[in-house]
Structure formats: structure tokens, C-alpha cells
Amino acid sequence: MSYPDEFWRISAFFLAVLLRFTFRGASCQLVVSPAGPTLQTALVGHNVTLAVSFAGAPDPVVIWSMADVPVVTWVIDSADPPVIAEASRNVLRIDANGSLSFINVPLGYTSNYTIEMTKSGLGKSSITFTLKVFARPAGDSTCSLQSVNSVDLQYYCQWPGGTPPARLSFPALNSFRSGEGNLSLIFPASPDLDGKMVTCLADHPVELSNCSITAGGPSMFLPAVRTTVDPDGKILVTINCVSEASPPALVSWSKGSDSIVGTATHQISRDTTELQIRDYDVSNFLLQNYACTCRNPLGSQRREIQLRGPLISDSRLFTNHNGTIVTLTWEVPPTSIVTGFDVQMKGPNSLSRNRSGNQTRGSSDWFHTIQQKPGHARSADIFFLDPKLTYGFRVIPKARGTAGPPSEAQTAGPGEGLSGSAIAGLAAGIPCGLLLLVLLGGFIYLCVYLHKKKSRQTRYPKPRAVEKVFADRRGGE
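Here it is in C-alpha cells:
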């Protein structure tokens with residue numbers, strides 16, 4: 001083989017090797033890939049990262065865009081810091097591999113984010129992420145029930161706030177309606193809904209919640225009566241009628257056969273559960289009975305209130321171990337009109353209170369007022385008593401200037417007599433004791449009589465044969 005041929009053969013070999021490496025280098029490409037889901041969710045105030053990885057070239061230029069607006073630019077492994085949009089410098093960070101991190105992410109950062117990597121001579125590569133930032137609704141979901149024209153039931157569910165708003169529904173009502181944040185459904189009242197628990201389901205990307213409510217007609221109740229004196233000096237009687245019901249019951253009021261509307265004498269509260277009656281004369285309260293009716297779409301309950309004048313239903317007296325202090329307690333009927341009490345005492349050198357409020361020394365032969373108590377009081381303490389002396393105590397209920405009958409007199413001291421209740425007990429016990437003695441005497445007499453009757457039974461004569469045998473024996477002797 002000649003020299004020129006050998007030269008061209010070697011040259012062709014090196015040219016092929018050169019072309020091979022040249023084309024292999026041209027096939028290298030910059031590729032960026034997601035290192036996690038491209039759809040990311042985050043709770044407001046938390047941290048989240050849009051993670052990526054890349055290959056094909058070192059030190060590419062990275063540009064992150066938020067909805068096509070660049071927010072971060074950096075050359076990977078560059079000593080220069082990344083360029084971050086001024087409005088996002090407290091939120092955005094770029095990692096060494098180009099991933100984008102959010103610190104305490106706010107709600108306004110829900111958007112599409114695109115990363116674009118470029119390298120001179122190697123082209124560019126990009127990928128897009130979607131970030132959704134959620135905010136939890138405030139508090140917990142709540143349910144309520146309202147009456148519509150006293151005929152229909154309005155079920156209400158709410159879970160306000162949140163991004164996006166919570167999705168609400170009432171599956172138990174077989175309704176396909178749903179709402180965001182607030183939901184209201186109206187149904188005709190029916191026995192099927194009475195006592196039925198209905199649940200509202202609240203669906204939010206951050207959390208699931210629910211609440212329940214049960215419809216029910218008004219339950220049995222007892223009216224409450226309270227008596228005070230208003231600033232004008234009038235007797236103020238307040239009657240409360242509250243029945244447990246869902247939805248809450250509306251209350252209507254009547255006096256005798258007439259319905260009550262708001263007047264200067266009769267005032268009804270905004271929620272209708274309270275009636276206030278004003279008058280100077282207690283007798284005007286006692287002319288007719290009052291009535292309240294609690295009603296909702298599922299039923300009603302009615303109660304009558306018969307107001308009574310000032311009265312004491314029960315009283316008791318308690319003495320300390322030294323006999324120097326006594327406590328007088330009393331009770332008042334629930335519908336009795338009482339604005340105050342006069343505590344009275346009878347005994348040696350008892351102190352009385354005159355109309356001006358000053359205390360004076362009184363006689364021991366009759367009761368004197370020693371204390372005045374407000375209408376809500378139910379006890380009074382009397383001090384500095386002589387344990388060797390006998391005292392009497394009683395309470396007089398008053399409705400402004402009208403006094404009711406005094407309570408039963410209570411006695412304290414060594415010579416204390418029997419109370420009225422004790423006397424009544426003895427009055428009932430003595431006849432019973434006498435009757436018991438009569439029955440016991442009759443029983444003893446009956447036993448003695450039967451015993452004597454048994455011992456005096458008739459003796460029958462002996463037979464003649466027996467008498468003859470006895471006679472023969474005697475003759476033989």
C-alpha cells in the first residue's frame with residue numbers, strides 16, 4: 001500500500017470519530033422536570049415548595065413566573081443573589097436546584113407558576129405548576145331553626161369565611177340544594193319533622209364539619225312571677241313564660257278573655273316571653289286571671305296565672321346554741337305579690353321601728369316591727385336576745401302599702417309555748433290516742449270474757465254403772 005493511501009485511510013478514520021463526537025454533543029438538551037405533583041395546595045400561613053429537578057447542562061438561568069409575570073430570576077450556583085420581585089421578597093425563596101418555596105404563604109398567591117430554564121447553545125425547558133392557597137372558615141359550622149309565619153320551618157346552616165367557601169347541604173331532608181357558606185331551606189311543618197334530628201354537612205378542602213338540630217313543639221312549663229317597685233312607686237309584677245321548643249316559641253298573652261297588647265299598664269318584651277304589669281293598687285292585679293300561650297309550628301302549650309295578694313306560706317325559727325341569736329325564715333307562694341316584709345317581735349323590752357325608721361322600746365304584750373326586708377328576702381337574723389326570756393316572732397308580707405295576713409307566730413326562749421303546728425298536731429293526736437285506748441280496753445275485755453266462758457263449760461252427770469261400782473266398793477269395805 002502506498003503512502004498516500006495510508007494517509008487518506010487514517011484521515012477518514014479520525015474524521016468519522018470527530019463527526020461522531022460532534023453529533024453526540026449536539027444531541028445534549030436541557031430538561032427540567034417536576035419533583036412532585038404539579039397541583040399543590042397549602043393552608044394560608046403555611047410553607048409550601050414547588051419542587052423541580054433538571055439535567056443536560058450546568059448552571060442554567062432560572063426564571064419563575066406567576067401568571068406570566070416574572071417574580072424570581074437566578075443563575076444556578078451563581079454567587080450573585082437571586083432577583084426577586086419587591087412585593088414577594090418576604091414570601092418567595094429559590095432553592096439551590098431551582099425549586100420555588102413559599103414562606104407563610106398568603107391567600108393572594110393562588111395562581112399558575114411557570115419555571116423556565118435556559119442555557120446558551122442548549123435551548124430552554126419549562127414546566128407549569130398550579131398552587132391553591134386555602135383558608136379555613138371561622139369557628140365551627142352552626143345550625144339553627146326558625147319559624148316562618150308560625151306555619152313553616154326554616155332550617156339554617158352556616159360556616160362563614162374560608163377560601164373557598166364551605167359547601168353546605170342537608171342530606172336528611174332529601175334536598176338536592178346546597179350552598180356556599182350559608183344555606184337556608186324552608187319546609188312545611190309536619191309530624192314527621194317533630195323530634196327528627198337533621199344534620200348539616202359542611203365540606204371544605206381543609207376540613208369537614210357538621211352540626212345538627214332537632215325540631216320540637218313547646219314543652220310543659222311553669223310561669224315565673226317576680227314583684228318589685230318601679231321608680232314611680234308602682235307595683236311592678238313580671239311574669240315569665242318560657243317553654244323549651246325548637247324553633248323558639250312565640251308567646252301570646254291574655255287577661256280573662258281579652259288579648260293583651262302593649263299599653264302603659266301592660267308591656268310585652270321584644271321576645272314575647274315576658275309580661276310586665278304596673279299599678280299602684282294590689283287589688284287591681286287580682287281582678288282576673290292571666291294566661292300565656294307558647295306556640296310554634298309544631299304545637300302549643302297554655303298556662304293560667306292566678307295572682308294572689310301578699311301571703312306567707314310557711315315560716316320557721318332557728319336558735320343558736322347560746323339562745324342569743326335566732327334566724328326566722330319564711331316562704332311565699334309562687335304567684336303572691338310581695339314587695340317587702342315586716343319582721344315583728346314580741347317580748348320583754350323589745351325594740352320596735354316607727355314610721356321614720358327609728359327604733360323605740362316597746363311593750364312585751366304585742367308585736368312590734370323590728371326589721372323591714374325587701375321582697376326578695378326570705379330570712380332575718382335577730383341578735384342580742386336574753387336566753388332566759390321568752391320572745392315571739394312573726395312576719396307580715398306587704399305589697400307596697402297593703403299588708404297581708406301575718407305568718408304563724410314562732411316562740412323562742414325557755415318558756416316557749418307550743419307553736420300553732422304543734423297545737424294542731426296535739427289536737428289531732430289526742431282524739432286518736434283516746435280512740436286507741438278504747439280499742440285496747442275493748443280488746444282486753446274480749447280476751448277476759450272468752451277466757452271465763454271457756455272455764456265455765458257445762459259438766460255432764462256420771463253414768464249409773466259407774467255410780468253402782470263406787471257403791472259396791474264402799475259396801476265391801
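Per full-length UniProt numbering, the sequence shown starts with residue 1, numbered consecutively. Built from N, CA and C at the ideal position, the CB exists for glycine as well.
Considering only K255, D314, I76 and M117, the residue with the shortest C-alpha distance to L286 is K255.
In the three-state scheme derived from DSSP, where H, G and I count as helix and E and B as strand, A85 is classed as coil.
Across the set G123, G121, K196 and V133, the C-alpha of K196 shows the shortest separation from the C-alpha of L153. For A215, the closest C-alpha among the options I235, E207, L193 and A224 is that of L193. Residues of the same chain with a CB within less than 7 Å of the CB of K388, apart from the 5 flanking positions on each side, are P414 in chain order. In this structure, DSSP gives V282 a helical state, which the three-state scheme calls helix. Around the CB of Q344, 16 or more other CB atoms lie within 10 Å, so the residue is classed as buried. C241 is positioned such that its CB atom lies closer than 8 Å to that of T273. In the structure shown, K452 adopts helical secondary structure according to DSSP, grouped into three states. Closest by C-alpha distance to P231, out of L30, R89, R278 and H376, is R278. Just so you know, the alpha carbons of Q410 and Y391 end up roughly 8 Å apart. Residue environment analysis places A399 among the buried positions, since at least 16 neighbouring C-beta atoms fall within 10 angstroms of its C-beta. With a 10 Å radius around the Cβ and a threshold of 16 neighbouring Cβ atoms, H204 comes out buried. Residue state for F318 is assigned as strand, using DSSP reduced to three classes.
Under DSSP, W366 shares a beta bridge with no residue.
Looking from the CA of H376, the closest CA among A87, V225, V71 and C143 belongs to V225.
Counting along the chain, the unbroken beta strand (DSSP E) around S125 starts and ends at G123 to F134.
For the options T38, N104, A138 and G139, the alpha carbon positioned closest to that of S126 is the one of T38.
With distances taken between CA atoms, D281 lies nearest to L236 out of F318, L236 and L250. Between R308 and T335, the CB-CB gap stays under 8 Å. In this model, N182 and C200 are separated by some 11 Å (Cα to Cα).
Between S243 and Q288, the C-beta gap is not smaller than 8 Å, which leaves the two residues out of contact. In the DSSP annotation of this structure, Y109 is not part of any beta strand (DSSP E), being labelled neither H nor E.
Of all C-beta pairs linking the stretch 80-89 to the stretch 129-140, fewer than three are shorter than 8 Å, placing the two stretches out of contact. N322 and F393 have their C-alpha atoms spaced approximately 18 Å apart. Positions of the beta strand (DSSP E) runs, each at least 3 residues long and wholly inside the UniProt domain "Ig-like" (218-306), are given as 224-229, 235-240, 250-255, 266-268, 274-279, 290-296 and 299-305 in order along the chain.
About 51 Å separates the beta carbon of P34 from that of Q146, a gap too long to meet the 8 Å contact definition. Bridge pairing for C211: C200 [DSSP]. The Cβ atoms of L50 and F129 lie closer than 8 Å to each other. Non-local beta-carbon contacts of F187 in its own chain, meaning distances under 6 Å to residues more than five positions away in sequence, involve L153 in chain order.
Of the residues A79, W64 and M117, the one whose Cα lies closest to the Cα of R93 is W64.
For I396, same chain residues with a beta-carbon under 6 Å away, outside a window of 5 residues either side, are D342, A403 and P406 in chain order.
Between V198 and A172 a beta carbon distance of about 5 Å is seen, short of the 8 Å cut, so the two are scored as contacting. The closest CA to that of D140, considering only Q371, D95 and C157, is found on C157.
For A189, the three-state secondary structure derived from DSSP is coil. Annotated as proximal: K373 and G340, with beta-carbon spacing under 8 Å.
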